[in-house]
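In our numbering, the protein residues as written are 1235 to 1587. We put the CB at the ideal spot given by N, CA and C, even for glycine.
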C-alpha cells in the first residue's frame, strides 16, 4: 500500500467511526485531520453542543494517541498545565513533575476563558515542542498537537487569544449544525449507542510515515505563486488590521500537501471553487500525482487558515453585517495572479469570517 492509499484508508476508517457518534462532521473532520497529518495545531471555534470535545476525544482514541484534557478557567495557572518542581523529602532535591501538557493530544477546552498569562504558557510548547520550567528545558512527546476549543458566545469574562497565539494554529474550524437528515438520525440513535471508542484502529498506518510522506510532496511554481499572492493581498486589505504572516504561507503549503495526499477528503459544493489549477503531468505512478497539489487545495483551506492568522479591523467588525474581508482579499489576489501569469482564478471564493 502506498502512502497516499494509506492516508485515504486512514481517513475513511476514522470518518466512518466518527460518523457512528457525530453526524454531519466529515468536512470539519477532514480539516482537523489535515492539522494532525501535518503536525500542526487546530482551533475549533463553534457554539456549545455541536461535538467539539467529543470529536477531539474520538480522534485521539482512534489514532492511538495519548490524550489529556484541560478545562481552561480564569483561575488556571501556567504551572497547572506545564508542571512544576516539587521538593522530594527523601532526596532533599527538587524534582520536576510534568503537567498535562506532556501528552500527544492536548484538548485545551474553552481556551479563551483562561488569563493571558496561562495562554502564553502554551506558546513555547506549540512552536518549539518543549517546555522550560525553572530554567530547565523539557522536550514534549512526538507527535504533539494542541486541539483547542472556544465558544463564540458568552464572551463576558473571557480573554481573546492574541495574534501571537492565533498565528500558531494552522486552521480555525467550525463544525456547524447538522442538516435536517442528520438531526433525524440523532433522534433514531438509542442511548446505548452513544458511546465513544475505547480502542484505536487496528490497521492504522504509522502516523510518522504519513507525515514524512506529506512533507516530501513538492509545490509547483504556479501553486507557490498563488499562496504568496493570497497572503500578500490579506496584508493590504482595508478591512484587515493584521494580514497572513510568513508562518501562514508556510503552513498553507503544508495543508495543501495533505489535501493532495488525501484527495478523498469530502468537499461540499460550497467549498468547491471553479479553479482547479494546472493539471498534473500524465503519469501512472502515485509519486508523480502526489507532487502536484493544485490551486483548488489552496482555495479550499485558505478561509480556515486566514481566519486563524488574520485580524479584522474593529470598525469593520462592529458593522451590522460581518464583512467578507478575507474572501475579498483572496479574490483580489487571485485576479492579480491571473493577470500576471494567466492562471484562471476561482469565480467565487468561499471565505468566511
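Worksheet item: Where do the N-terminal and C-terminal ends of the alpha helix (DSSP H) with residue 1464 fall, by residue?
Response: 1455 to 1469
task: Report the rounded CA-to-CA distance for residue 1355 versus residue 1314, giving the unit in angstroms.
output: A straight-line Cα-Cα distance of about 10 Å links residue 1355 and residue 1314.
Would you please state the rounded distance, in angstroms, between the beta carbons of residue 1269 and residue 1464? I believe it to be under 8 Å.
-> Actually they are not in contact, since the Cβ atoms of residue 1269 and residue 1464 sit about 19 Å apart, beyond 8 Å.
Can you give me the C-alpha to C-alpha distance between residue 1276 and residue 1437, rounded to a whole angstrom? Roughly 25 Å between the two C-alpha positions.
Problem - Span separating the alpha-carbon of residue 1251 from that of residue 1369 - result: 44 Å
Sheet register partners of residue 1303 (DSSP bridge): By DSSP's assignment, residue 1303 forms a beta bridge with 1341.
- Message: Using a Cβ-based criterion (distance less than 7 Å to any ligand heavy atom), does residue 1326 qualify as near the ligand NAP?
- Response: With respect to the ligand NAP, the structure shown offers nothing to examine, as it has no ligands at all.
Next item on the list: Can you grab the Cα-Cα spacing for the pair residue 1422 / residue 1256, in whole Å?
Entry: 13 Å
Could you tell me whether the region 1259 to 1269 touches the region 1426 to 1436, where touching means 3 or more Cβ pairs closer than 8 Å? no
With a threshold of 7 Å on Cβ separation, who are the neighbours of residue 1555 within its own chain once the five nearest residues in sequence on each side are excluded? At residue 1555 the pLDDT is 40, less than 50, meaning the model places this residue with poor confidence and gives no usable figure here.
- Query: DSSP state of residue 1320, grouped into three classes?
  - Reply: Under the three-state reduction of DSSP output, residue 1320 falls in the strand class.
### Task
Identify which residue in 1274, 1249 and 1246 has its Cα closest to the Cα of residue 1448.
1274
Look up residue 1370 in the DSSP assignment and give the residues it is bridged to. 1367
Task: Delimiting residues of the beta strand (DSSP E) encompassing residue 1332 - done: 1327 to 1332
Query - Contact under 8 Å by Cβ, residue 1337 with residue 1300 - result: Taking C-beta atoms as the reference points, residue 1337 and residue 1300 count as a pair closer than 8 Å.
_Residues near residue 1366 in its chain [Cβ-Cβ closer than 7 Å; skip 5 each side]_ = 1358
### Message
On the CB-based measure, 16 or more other CB atoms within 10 Å of its CB, does residue 1258 come out buried or exposed?
### Response
buried
Open item on the list: Residues in the same chain with beta-carbon distance under 8 Å from residue 1295, minus the five sequence neighbours each way, listed in chain order, please.
Closed with: 1301, 1430, 1431, 1432, 1433 and 1434
Handout entry: Which residues DSSP lists as bridging residue 1382, in chain order
Key = 1277 and 1342
task: Compute the Euclidean distance between the alpha carbons of residue 1243 and residue 1254, then round it to the nearest angstrom.
output: 17 Å
Alpha-carbon spacing of residue 1287 relative to residue 1319, whole angstroms = 30 Å
Report the residue from 1418, 1328, 1332 and 1375 whose alpha carbon sits nearest the alpha carbon of residue 1312.
1332
Going by DSSP, what residue range makes up the beta strand (DSSP E) through residue 1405? 1403 to 1407
When we look at the beta-carbon of residue 1278 and count the other beta-carbons within 10 Å, is it buried (16 or more) or exposed? buried
If you reduce the DSSP assignment to three classes, tell me which class residue 1450 lands in.
If DSSP states are grouped into helix, strand and coil, residue 1450 belongs with coil.
Below 8 Å on the Cβ atoms is my guess for residue 1457 versus residue 1483; work out the distance and round it to an integer in Å.
Not quite, the Cβ-Cβ distance comes to about 12 Å (not below 8 Å), so this is no contact.
* **N- and C-terminal bounds of the alpha helix (DSSP H) containing residue 1348** => Per DSSP, residue 1348 belongs to no alpha helix (DSSP H) and is neither H nor E.
Taking the straight line between their C-alpha atoms, what separation do you get for residue 1362 and residue 1414? A direct Cα-Cα distance of roughly 43 Å separates residue 1362 from residue 1414.
Margin query: Using the three-state DSSP reduction, which class does residue 1313 fall into: helix, strand or coil?
Written below: helix
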